[in-house]
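Below is one structure, written out as structure tokens; comments come after it.
Number of protein chains: 2
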Amino acid sequence: MEGVDILLHERSKTQFDVDAMKIVWAGSRHAFEVSDRMARLVASDPAFQKDNRTRQGRKELFKNTLRKATYAWKRIVELRLTEEEAGRLRFFVDEPAFTDLHWGMFIPAIKGQGTEEQQQKWLPLAYKMQIIGCYAQTELGHGSNVQGLETTATFDPDKDEFIIHSPTLTSSKWWPGGLGKVATHAIVYARLITNGEEHGVHGFIVQLRSLDDHMPLPGITIGDIGMKFGNGAYNTMDNGVLTFDHFRIPRNQMLMRVLQVTREGKCVQSSVPRQLIYGTMVFVRQTIVADASSALSRAVCIATRYSAVRRQFGSQDGVETQVIDYKTQQNRLFPLLASAYAFRFVGEWLKWLYTDVTQRLQANDFSTLPEAHACTAGLKSVTTTATADAIEECRKLCGGHGYLCASGLPELFAVYVPACTYEGDNVVLLLQVARFLVKTASQLGSGKKPTGTTAYLGRVQDLMQCRCEVQTAEDWLKPSVMLEAFEARSARMCVDRAQNLNKFANPEDGFAELSADLVEVAVAHCQLIVVSNPNQETCDPGDIGNSANHEATTNEPNTYTFETISALSISGVWFIEKLQQDIPGNGVKQQLQSLCYIYALNLLHKHLGDFLSTGCITPKQASLANDQLRSLYSQIRPNAIALVDAFNYTDHYLGSVLGRYDGNVYPKLYEEAWKDPLNDSVVPDGYNEYIRPMLKQQLRNARL
Amino acid sequence: MEGVDILLHERSKTQFDVDAMKIVWAGSRHAFEVSDRMARLVASDPAFQKDNRTRQGRKELFKNTLRKATYAWKRIVELRLTEEEAGRLRFFVDEPAFTDLHWGMFIPAIKGQGTEEQQQKWLPLAYKMQIIGCYAQTELGHGSNVQGLETTATFDPDKDEFIIHSPTLTSSKWWPGGLGKVATHAIVYARLITNGEEHGVHGFIVQLRSLDDHMPLPGITIGDIGMKFGNGAYNTMDNGVLTFDHFRIPRNQMLMRVLQVTREGKCVQSSVPRQLIYGTMVFVRQTIVADASSALSRAVCIATRYSAVRRQFGSQDGVETQVIDYKTQQNRLFPLLASAYAFRFVGEWLKWLYTDVTQRLQANDFSTLPEAHACTAGLKSVTTTATADAIEECRKLCGGHGYLCASGLPELFAVYVPACTYEGDNVVLLLQVARFLVKTASQLGSGKKPTGTTAYLGRVQDLMQCRCEVQTAEDWLKPSVMLEAFEARSARMCVDRAQNLNKFANPEDGFAELSADLVEVAVAHCQLIVVSNPNQETCDPGDIGNSANHEATTNEPNTYTFETISALSISGVWFIEKLQQDIPGNGVKQQLQSLCYIYALNLLHKHLGDFLSTGCITPKQASLANDQLRSLYSQIRPNAIALVDAFNYTDHYLGSVLGRYDGNVYPKLYEEAWKDPLNDSVVPDGYNEYIRPMLKQQLRNARL
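Protein sequence lines correspond, in order, to chains A and B. Everything in the first sequence is counted per full-length UniProt numbering, starting at 1 for the first residue and increasing by one. Everything in the second sequence is counted per full-length UniProt numbering, starting at 1 for the first residue and increasing by one.
Written as structure tokens, this is what we have:
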């Protein structure tokens with residue numbers, strides 16, 4: 001079966017330039033080349049093999065992760081890789097490890113919250129991995145509510161030290177990745193107490209383990225918190241528990257960019273505003289959104305390829321039908337394919353946003369931080385929820401075999417789902433958006449003009465009366481029509497909920513009572529952001545930052561895309577510019593347009609109750625939207641395999657027998673089965689002790 | 001912390017008789033007592049301990065399952081348990097094992113498809129477990145489509161034997177539980193070939209392994225198919241792969257109740273109709289529905305208790321708010337609580353239905369089999385989809401800690417989700433319902449009066465014109481109002497889709513093109529079945545079989561309940577009769593009513609697009625439904641803990657630190673963490689090889 005390509009026929013039907021699409025997906029030719037090189041490097045190195053991961057017990061699994069993570073570091077050093085290359089290499093190694101937290105949270109926290117002096121001291125050590133850091137914020141009894149943390153950092157002016165202490169069981173630090181077994185240092189968040197007064201929660205650099213023998217320092221207790229969801233998956237990570245018994249650190253290990261504690265124990269606010277503490281959060285959530293597109297595209301790639309390989313029922317000509325040809329399959333799969341592209345583009349844009357915020361912070365311009373914070377929070381919520389659901393849907397779309405670890409999907413799901421909870425529970429984040437909307441709506445009467453993503457609320461009178469113009473299915477392909485429908489829906493829902501809130505004497509009571517309804521308004525608003533284009537007039541070709549989503553505040557499950565892709569494919573703003581002559585991109589634009597409309601129309605169908613209850617569209621128009629959607633599925637169908645090929649994933653990275661590039665699924669599934677430890681012997685361990693006695697027993701006293 | 005009861009205050013708020021509710025949940029006082037006794041028996045026996053399951057490697061895990069399953073059998077024999085008691089004991093052991101297939105599929109298949117003679121030969125051996133059977137239907141390349149199976153059984157008249165053969169790789173039997181390492185026998189489904197002619201797929205009793213040394217017999221290759229989703233979970237089961245190389249069995253091992261092959265190789269149809277083959281399917285799907293209520297109630301119990309224990313934000317009086325008091329939490333959790341009760345009742349009803357079908361089969365009455373088959377198929381689809389989603393939602397409702405195996409929810413999800421795929425893919429099953437509806441609708445003009453669950457379509461003229469009478473939120477609590485809304489919606493959607501189908505020259509093309517829309521009609525119809533009560537006039541108190549759902553054909557995610565509970569709580573038909581004087585049931589009826597309306601109104605909100613697009617209700621009425629829903633949440637809130645206590649689950653069965661009866665979550669989570677193998681040593685294995693060299697290395701050549 002060597003050299004087989006079951007999907008060759010599928011690939012021959014492609015109507016666009018796949019190589020051009022690969023570059024669109026990667027973000028640039030440079031990014032494509034780096035990714036491609038690193039992916040191949042990892043895939044071709046047996047040290048990075050991962051197909052036995054789901055069969056390993058915890059200890060063996062973890063030791064292997066230590067091996068791979070340190071080997072990856074060795075290669076990064078040996079090959080003198082750039083930071084970008086190193087990041088991609090770690091990405092393709094595809095195994096959660098202490099290094100994720102070291103590079104992704106420990107270092108950014110020091111960069112964002114440490115003084116110049118602190119950065120000069122700690123960053124070189126961290127960059128060379130002479131220390132390994134983690135990020136110790138959440139506690140056993142405290143997750144989302146940072147202000148509820150119990151760990152204390154009490155300043156002792158006698159010794160010029162902070163005493164870090166865990167006053168209760170529930171104050172145990174709990175969850176930090178890399179903490180359990182590896183990290184030598186941590187950023188520990190604790191309530192600052194000086195002179196008997198509390199000054200809120202702050203970060204402290206704390207050494208946890210001896211650099212000589214790796215033992216926890218006296219006064220520190222650390223362990224791993226135990227098994228997590230799934231085989232392999234996040235169990236490669238040593239999420240840890242940590243308690244302090246009056247552990248002392250020098251005063252200069254408090255991160256003091258925002259607030260300084262003087263030698264005398266006085267708190268002095270620096271010129272840097274408090275919001276700076278959100279810098280790390282923006283960075284982290286931005287990476288979470290990027291991860292969403294990776295995870296989703298991976299699941300979609302597996303499900304799409306296997307849907308073309310797998311045949312069930314309908315044997316008109318003696319051969320069963322490919323399941324990808326069933327409309328029920330398309331109706332579940334293609335919107336996820338569209339979402340994968342959507343999240344990819346929004347992730348790219350957020351990278352720019354973070355860069356922009358960082359540059360402004362360096363220039364002491366904090367004006368955009370609240371917006372960036374809200375925006376990343378919202379996008380984090382919507383992309384992770386949608387991705388988690390989509391991975392499981394992709395698993396189901398693979399039928400029974402999706403349940404095998406060999407499909408790659410169980411591990412992908414298990415490793416992915418915590419993203420819905422960590423760094424802000426997704427529902428809590430949507431409530432933040434809702435609060436912002438309610439505030440904006442409440443100020444409408446006062447003459448204050450809403451701006452940015454809420455600017456449309458300034459036209460609320462018009463939007464309460466407008467009528468959707470769709471008369472044919474094709475009318476749904478007009479961007480202005482789609483935009484108005486989404487604007488009217490959100491505005492009308494906003495007004496409705498604001499009126500309901502006004503019935504309460506106490507606004508906070510009303511907000512609490514109506515919170516489930518308010519989450520829905522947040523969702524509607526976020527979907528609007530996706531389809532709207534408030535800043536289009538200022539668009540600067542080549543500058544993604546000025547595209548429509550610049551002022552996005554948040555978003556909702558399955559939503560971000562229409563505008564992102566619109567900006568690309570309809571108004572052709574930045575990626576056409578980016579691609580230019582290098583890659584002709586034959587047919588690329590048409591495919592992205594189709595995906596874009598599939599995305600938006602599917603959204604409209606899923607939230608039809610909103611559109612109809614607000615009178616924004618008619619039932620007839622909804623039916624036409626469905627007709628258009630089916631037609632788009634037919635347009636995408638012959639290109640489906642090529643659209644997932646464009647992700648350029650190696651079989652190593654995909655880690656799925658069902659998603660193999662060559663489609664040679666069944667022989668490989670069969671081969672894979674025999675690797676299970678249970679197949680080490682024909683007769684299983686336990687036969688003589690348990691099975692044989694049962695079979696041989698004469699059960700004379702049984703009543704059965 | 002011994003004797004602590006963190007949830008005492010919650011329990012003191014209960015407004016109904018929990019003991020009475022426990023009996024309602026169990027189905028009868030007798031059922032309660034049996035379950036309660038078996039649950040305690042298992043929980044108190046250290047041999048059945050399972051809290052280390054998610055930490056075990058495959059071999060250790062599997063050997064332990066062999067130990068537990070055979071020990072359970074030993075206890076069943078020693079204690080002379082009845083079949084009912086034995087079933088409950090296995091249920092509370094709560095570990096998928098070969099015995100599930102032996103009792104749940106192998107024996108029922110012989111009972112259903114074997115001749116009298118075959119039953120007399122094989123059943124005693126199976127009942128005494130002197131042979132262990134499994135059920136080998138699906139193949140590597142063939143799942144849902146039984147008619148596509150490739151394994152052949154060719155009659156050899158010379159030797160009076162069948163030759164069982166696997167002609168291709170894709171014909172390998174794949175997935176059967178118990179096959180991989182344990183079963184000595186299997187019911188093998190294969191294409192019957194005699195005299196060179198094919199006669200469809202039939203079942204054969206095939207011995208797989210030697211009863212002396214457990215080795216596969218010559219010509220048979222067997223193995224385990226490898227790791228599946230999750231830690232512990234279904235990996236306790238030896239799902240297997242099986243291929244035959246011209247393996248011979250005597251002619252009398254074909255299950256011949258329906259079709260007999262004579263000594264000469266002639267096929268003779270017996271007087272028993274072919275449909276008999278569906279008997280096993282009805283039984284199996286009935287047990288799947290019962291399992292859905294168990295799995296869902298377990299997840300809901302964990303999430304509800306932990307939502308009362310956990311506190312986040314909103315510290316008005318210095319203590320954070322219980323998360324169960326947030327409306328967003330209630331809006332996600334309480335409909336699932338309602339669903340748990342719903343599925344429990346529908347499962348009970350299906351048990352009756354199966355008994356009824358079995359009795360009829362024994363009297364050679366096959367008239368109700370098609371309906372029973374469709375009904376169980378539909379209910380299988382809707383309850384399993386809803387349950388799988390609900391378990392994951394419950395996990396998310398527990399915040400970060402839900403991701404720990406110690407929460408019990410990851411394993412519950414992983415072990416549960418295959419139910420959406422096995423015994424009929426859930427979408428394929430809904431398409432079967434859709435086809436039935438389309439057929440019924442197409443006959444409306446011909447004067448043929450629709451009956452049973454489609455009877456309402458006979459009043460289609462009225463239903464196209466009726467108007468919902470709801471004017472206040474309370475109006476939604478009238479059963480007739482709810483019923484009409486659901487009838488009108490389904491009828492109108494049916495008419496609409498039938499009209500769309502008529503536009504196609506070829507009906508099959510139309511069905512294929514519109515299949516995604518048709519699934520939605522199936523859903524609407526099934527939801528109607530739930531809220532309707534076609535047979536109420538024939539209701540015989542005390543006989544659940546005559547209750548509203550008698551003619552139910554199928555159902556949809558999150559739907560079954562309204563009528564089930566209505567029949568119980570509103571019209572008070574059968575469980576009030578059942579409970580009678582034995583259990584006063586103070587307040588029980590009110591709680592079930594609240595749950596029933598929560599269930600129905602949540603459904604209406606989720607599918608609002610359907611109701612509005614068909615003009616069955618107005619936006620204003622939808623808004624009133626939401627108001628009523630919030631009010632019901634407030635009514636349920638003080639009773640939430642008691643409502644999950646009524647499931648009467650032991651902490652052993654729940655298997656969740658978060659769901660502990662006493663709510664003493666945090667100390668136990670902390671304790672549990674230290675049991676992880678990684679905590680066997682303070683410094684992890686791999687430190688000297690990997691971590692230390694990295695920390696000590698001078699990375700002079702690094703570019704970073």
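Idealized CB from N, CA, C, for every residue including glycine.
**Report entry** Where residue 231 of chain B meets chain A, residues with beta-carbon distance less than 7 angstroms
**Finding:** Here residue 231 of chain B is taken as the residue at index 231 of the second sequence, counted from 1. Ordered by position in chain A, the residues that pass the 7 angstroms Cβ test against residue 231 of chain B are 227, 230, 231.
**Report entry** Under 7 angstroms from the C-beta of residue 612 of chain A: neighbouring residues of chain B
**Finding:** As a first step, residue 612 of chain A is located in the first sequence; it is residue number 612 there, counting from the start. Ordered by position in chain B, the residues that pass the 7 angstroms Cβ test against residue 612 of chain A are 609, 612, 613.
Query raised in the report: If you measure from the beta carbon of residue 630 of chain B to each beta carbon in chain A, is any gap under 8 angstroms?
Result: For the purposes of this step, residue 630 of chain B is identified with residue 630 of the second sequence, where counting begins at 1. Yes - at least one Cβ of chain A is within 8 angstroms of the one on residue 630 of chain B.
Query - Cβ-Cβ distance between residue 598 of chain A and residue 305 of chain A below 8 angstroms - result: Working through the first sequence from its first residue, we reach residue 598 of chain A at position 598. Working through the first sequence from its first residue, we reach residue 305 of chain A at position 305. No. Outside cutoff.
Query raised in the report: Where does residue 209 of chain A fall in DSSP's three states?
Result: In the first sequence, counting from the first residue as 1, residue 209 of chain A sits at position 209. Three-state result, residue 209 of chain A: strand.
Query raised in the report: Since residue 169 of chain B and residue 670 of chain A are thought to touch, with beta carbons under 8 angstroms apart, how far apart are those beta carbons, to the nearest angstrom?
Result: Within the second sequence, residue 169 of chain B is the residue found at index 169, counting from 1. Within the first sequence, residue 670 of chain A is the residue found at index 670, counting from 1. With 8 angstroms as the limit, residue 169 of chain B and residue 670 of chain A qualify as a contact, their Cβ atoms being about 6 angstroms apart.
Query raised in the report: How would you call residue 706 of chain A, buried or exposed, if buried means at least 16 neighbouring beta carbons within 10 angstroms?
Result: Here chain A has residues from 1 to 704 only, and residue 706 of chain A is not among them.
**Report entry** Beta-ladder partner(s) of residue 221 of chain B, from DSSP
**Finding:** Along the second sequence, one-based indexing puts residue 221 of chain B at 221. DSSP output for residue 221 of chain B lists B:243 as bridge partner(s).
Query raised in the report: Terminal residues of the continuous beta strand (DSSP E) containing residue 162 of chain B?
Result: Indexing the second sequence from 1 puts residue 162 of chain B at position 162. Taken as a continuous stretch (DSSP letters only), the beta strand (DSSP E) holding residue 162 of chain B covers 161-165.
Report task. Quick one: using the 10 Å Cβ neighbour count with 16 as the cut-off for buried, is residue 285 of chain A buried or exposed? Result -> As a working note, residue 285 of chain A is residue 285 in the first sequence. Buried, since its Cβ has 16 or more Cβ neighbours within 10 Å.
Query - Spatial distance of residue 516 of chain B from residue 629 of chain A (CA atoms) - result: Looking up residue 516 of chain B in the second sequence gives position 516. Looking up residue 629 of chain A in the first sequence gives position 629. Rounded to whole angstroms, residue 516 of chain B to residue 629 of chain A spans 11 angstroms at the Cα level.
Requested in this report: For chain A, find out if any of its Cβ atoms is closer than 8 angstroms to the Cβ of residue 626 of chain B; answer yes or no.
Outcome: For this step, residue 626 of chain B is matched to residue 626 along the second sequence. Yes, residue 626 of chain B counts as interfacial toward chain A.
Requested in this report: Taking only runs that begin and end inside the segment 461-514 of chain A, name each unbroken alpha helix (DSSP H) of 4 or more residues, in chain order.
Outcome: 479-502, 507-513
**Report entry** Every unbroken alpha helix (DSSP H) inside the segment 258-321 of chain A [4 residues or more]
**Finding:** 278-309
**Report entry** Under 8 angstroms between C-beta atoms of residue 164 of chain A and residue 204 of chain A
**Finding:** Translated into the one-based positions of the first sequence, residue 164 of chain A becomes position 164. Translated into the one-based positions of the first sequence, residue 204 of chain A becomes position 204. Their beta carbons are under 8 angstroms apart, which means residue 164 of chain A touches residue 204 of chain A by this criterion.
**Report entry** Test: residue 479 of chain A CB closer than 8 angstroms to a CB of chain C
**Finding:** Within the model displayed, chain C is absent; protein chains A and B are what it includes.
**Report entry** Stretch-stretch touch, CB-based, cutoff 8 angstroms, three pairs: the segment 295-313 of chain A with the segment 130-138 of chain B
**Finding:** no
Query - Length of the line joining the Cα atoms of residue 685 of chain B and residue 497 of chain A - result: One-based indexing of the second sequence puts residue 685 of chain B at position 685. One-based indexing of the first sequence puts residue 497 of chain A at position 497. Approximately 57 angstroms between the Cα atoms of the pair.
Query raised in the report: Buried or exposed: residue 331 of chain A, going by 16 or more other Cβ atoms within 10 Å of its Cβ?
Result: Translated into the one-based positions of the first sequence, residue 331 of chain A becomes position 331. It counts as buried.
Query - Cutoff 6 angstroms; reference residue 26 of chain A; Cβ partners in own chain excluding five residues on either side - result: To locate residue 26 of chain A, count along the first sequence from 1; it is residue 26. Correct list, in chain order: 32, 35.
Query raised in the report: Cα-Cα, which of B:615, B:476, B:501, B:326 is closest to residue 465 of chain B?
Result: Counting from one through the second sequence, the residue named residue 465 of chain B turns up at place 465. Of the listed residues, the one whose Cα sits closest to residue 465 of chain B is B:615.
Report task. Less than 8 angstroms between the CB atoms is what I'm expecting for residue 361 of chain B and residue 391 of chain B, so what's the real figure, rounded? Result -> In the second sequence, counting from the first residue as 1, residue 361 of chain B sits at position 361. In the second sequence, counting from the first residue as 1, residue 391 of chain B sits at position 391. The Cβ separation is near 34 angstroms, so there is no contact.
Query raised in the report: In chain B, what lies closer than 7 angstroms to residue 331 of chain A by C-beta?
Result: Taking the first residue of the first sequence as position 1, residue 331 of chain A is located at position 331. What residue 331 of chain A touches in chain B: 516.
Query raised in the report: In the DSSP assignment, what are the bridge partners of residue 142 of chain B?
Result: Locating residue 142 of chain B in the second sequence gives position 142, counting from the first residue. B:139.
Query raised in the report: Is there contact here, the segment 172-189 of chain B with the segment 232-248 of chain B, by at least three beta-carbon pairs under 8 angstroms?
Result: yes
**Report entry** Sub-8 angstroms separation of residue 153 of chain A and residue 190 of chain A beta-carbons
**Finding:** As a position in the first sequence, residue 153 of chain A is number 153, starting the count at 1. As a position in the first sequence, residue 190 of chain A is number 190, starting the count at 1. Yes; because the gap between Cβ atoms is below 8 angstroms, this pair is in contact.
Query raised in the report: What are the partner residues of residue 192 of chain A, as DSSP defines its beta bridges?
Result: The residue given as residue 192 of chain A occupies position 192 in the first sequence. A:153, per the DSSP bridge assignment.
Query raised in the report: Residue ranges of each alpha helix (DSSP H) run of no fewer than 4 residues wholly in the segment 2-38 of chain B, ordered along the chain?
Result: 8-12, 18-26
**Report entry** Exposed unless 16 or more other CB atoms sit within 10 angstroms - verdict on residue 565 of chain B
**Finding:** In the second sequence, the residue the question calls residue 565 of chain B occupies position 565. In this prediction, residue 565 of chain B has a pLDDT of 33, which is less than 50 and means its spatial position is unreliable; what the coordinates show is noted afterwards. Residue 565 of chain B comes out buried.
Requested in this report: Taking only the alpha-carbon atoms, compute the straight-line gap between residue 502 of chain A and residue 508 of chain A and give it to the nearest angstrom.
Outcome: Within the first sequence, residue 502 of chain A is the residue found at index 502, counting from 1. Within the first sequence, residue 508 of chain A is the residue found at index 508, counting from 1. If I take the Cα positions, the gap works out to 11 angstroms.
Report task. Using DSSP bridges, identify the partner residues of residue 250 of chain A. Result -> The residue you call residue 250 of chain A lines up with position 250 of the first sequence. DSSP lists A:161 as partners of residue 250 of chain A.
Requested in this report: Quick one: give me the first and last residue of the alpha helix (DSSP H) that residue 605 of chain B is part of.
Outcome: Working through the second sequence from its first residue, we reach residue 605 of chain B at position 605. Where residue 605 of chain B is concerned, the enclosing alpha helix (DSSP H) stretches over 588-606.
Query raised in the report: Of all the residues that make up the segment 150-178 of chain A, which are near chain B by a beta-carbon distance shorter than 7 angstroms?
Result: 169, 170, 172, 175
Requested in this report: Give, in chain order, every unbroken run of the alpha helix (DSSP H) that is at least 4 residues long and sits entirely within the segment 43-119 of chain A.
Outcome: 58-78, 83-93, 98-101, 107-113
Requested in this report: Report yes if the CB atom of residue 139 of chain B is closer than 8 angstroms to the CB atom of residue 173 of chain B, and no otherwise.
Outcome: Numbered from 1 along the second sequence, position 139 holds the residue referred to as residue 139 of chain B. Numbered from 1 along the second sequence, position 173 holds the residue referred to as residue 173 of chain B. Their beta carbons are under 8 angstroms apart, which means residue 139 of chain B touches residue 173 of chain B by this criterion.
Report task. Taking only beta-carbon positions, decide if residue 393 of chain B is within less than 8 angstroms of chain A. Result -> Counted from its first residue, the second sequence places residue 393 of chain B at position 393. So, not an interface residue.
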